[in-house]
Every structure is written in C-alpha cells, then in structure tokens.
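With the sequence shown counted from 1, adding 404 to any position gets you our numbering. Every residue gets a Cβ at the ideal spot worked out from N, C-alpha and C, and that includes glycine.
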Amino acid sequence: ENESRWPAVENLLEQAIRKGEEGLPVPRGDVLEMWVLLQYLETFFARFDEDQSKTINVQEALKAFPIFQPVLGDLVPLDSEDIRPFFTFLFRYGETPFYGPPYGNGLKFNYWRWHEDQWSFEADRVRVLEILAALNGLIN
405 ENESRWPAVE
415 NLLEQAIRKG
425 EEGLPVPRGD
435 VLEMWVLLQY
445 LETFFARFDE
455 DQSKTINVQE
465 ALKAFPIFQP
475 VLGDLVPLDS
485 EDIRPFFTFL
495 FRYGETPFYG
505 PPYGNGLKFN
515 YWRWHEDQWS
525 FEADRVRVLE
535 ILAALNGLIN
C-alpha cells in the first residue's frame with residue numbers, strides 16, 4: 405500500500421515546495437528544501453505523536469495547537485476563535501475550508517467548528533504533507 409501512495413507523496417512534496425513548472429529538472433535548492441521538509445515532518449511526529457501510533461489524533465493536535473496558533477492567526481482570514489477549529493479541520497480533511505466546491509468546504513468547516521464534541525481523526529504523514537501543501541497554497 406505504501407508504494408501506491410508514493411506518487412501522491414511526490415506530488416505533495418512538489419506542491420509544498422516547488423514554485424516552478426512540473427516536469428522541469430528539480431533544482432538543488434528544491435532538493436534541499438524537500439530534505440528539510442521531511443526532517444520537519446519526522447520532528448513533528450517525534451514531538452507530538454505521544455502514543456507512537458504513527459498518526460496525530462485530536463488530543464495530540466490540540467497539544468500542538470498553541471505552537472502554531474500565532475502563525476495561523478497571521479496567515480488565515482479568520483477570527484481568533486476560529487483558528488483552533490481551522491487547525492483541527494486541516495488534520496481531519498487535509499485541506500483548508502477556503503477552496504473546493506462552491507460552499508462545500510465552507511459548510512463543512514462551519515459544521516466542524518460547531519460540533520467540537522464530534523471531532524475525530526488520525527492524521528498520518530501524508531495528511532501532514534497535504535496540510536503543508538494546502539497552507540503553501542495560501543501563501544502563493
């Protein structure tokens with residue numbers, strides 16, 4: 405199963421880092437950035453995957469939230485009380501509520517933020533790469 409996911413991982417690495425056109429040779433700087441990104445990913449899991457399940461669950465994500473709250477608060481156009489649901493939404497869906505089908509992700513996000521008692525997820529490394537790619541899309 406891991407082999408079947410590798411093309412998706414390659415695509416996510418490219419989305420999270422590359423700013424050039426697909427199919428062009430990978431510049432040395434991009435290779436170094438990918439290495440740093442993979443190190444960051446492993447460091448994130450070493451720090452926050454407390455049960456060593458190779459996934460980040462709701463409780464683990466919420467422990468990580470205070471570290472990422474200031475940056476997300478500057479990055480996303482949301483009220484401060486919506487940053488926490490936004491952070492956990494990323495782990496659940498791997499995308500921001502700002503894109504997708506008309507009203508689709510916005511409605512999904514509203515339901516998510518209003519039903520915290522139903523929050524549940526197990527985000528693996530691929531999901532965290534999806535999050536980084538989605539956040540990079542907000543910057544570029």
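Pull the bridge partners of residue i from the DSSP assignment, please.
i	result
GLU520	None; GLU520 has no bridge partner.
ILE460	ALA527
Which first and last residues belong to the alpha helix (DSSP H) in which residue i is found?
i	result
LEU539	529-543
PHE495	487-497
My assumption, with CB atoms under 8 Å, is that residue i sits in contact with residue j. Please give the rounded CB distance.
i	j	result
VAL480	LEU542	7 Å
ALA527	THR459	6 Å
ILE487	GLY477	5 Å
Can you tell which of the options has its C-alpha closest to the C-alpha of residue i?
i	options	result
GLU446	LEU539, TRP516 and LEU533	LEU533
LEU511	SER524, PHE525 and PHE493	PHE493
ASN514	VAL530, PRO501 and PHE448	PRO501
VAL530	VAL462, TRP516, PHE495 and SER524	PHE495
GLN463	LEU482, TYR503, PHE491 and ASN540	PHE491
LEU466	SER524, ASN540 and LEU539	SER524
ILE471	PHE448, GLU485 and ASN461	PHE448
Original post:
When the Cβ atoms of the segment 506-524 are set against those of the segment 447-455, are three or more pairs found closer than 8 Å?
Top reply: no
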